[in-house]
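Read the structure below first, then the notes.
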Amino acid sequence: MGARKRIRANQIKEEKKSKAFASLKNVPTSPRKMRLVADMVRGMEVNRALDVLRFSPKEASIRVEKLLLSAIANWQAKNEGQRIEENELYIKEICVDSARILKRLRPAPQGRAHRIRKRSNHVTILLDSKTTNNTKE
């Protein structure tokens, strides 16, 4: 690894130490269905987002709720002694990316076969505090 690449890698590693995020890999739900849930809570305050997810009828909301709880726990581990309510924690970013696609065959009429694509996705949540943003600016 070259010097510039190593320096940049160390910068990225240092930036990640201050960010509170959680990621979920290879979720067996289509990205389109997961994005519907992600769009519901994007930019929302954390406690309100948990309530919205808890009472949402969508199956994907259960997984996003668990992921959000994990991100909150990560934030608390990095910011010991601080309370979520005082820092006004909110969902800064939530992104849903497509993961591997399992390809299956379904029999069709006249000896043919149709390809069934079973999609999966990756979800990443990044939390931030509104009070720290005001002090930086």
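Take 1 as the starting number for the sequence shown in the UniProt record's numbering and just add one per residue. Where is the CB? At the ideal position from N, CA and C, for every residue including glycine.
Straight across, the Cα-Cα distance linking Asp128 with Ile91 is about 6 Å. Distance from the CA of Leu50 to the CA of Ala71, rounded to the nearest whole angstrom, comes to 12 Å. Looking at the backbone, the Cα of Glu59 and that of Ile7 are separated by about 42 Å.
In this structure, Ser23 lies away from Val96, with their beta-carbon atoms at least 8 Å apart. In terms of CA proximity to Asp39, Ile125 leads the group Thr131, Lys130 and Ile125. In chain order, Ser120 place their CB closer than 7 Å to the CB of Pro28, counting only its own chain and leaving out the 5 sequence neighbours on each side. Comparing alpha carbon positions, the residue from Phe55, Leu89 and Ser98 closest to Arg32 is Ser98. If you compare the alpha carbons of Arg117, Ala20, Met1 and Ala3 with that of Ile94, the shortest gap goes to Ala20.
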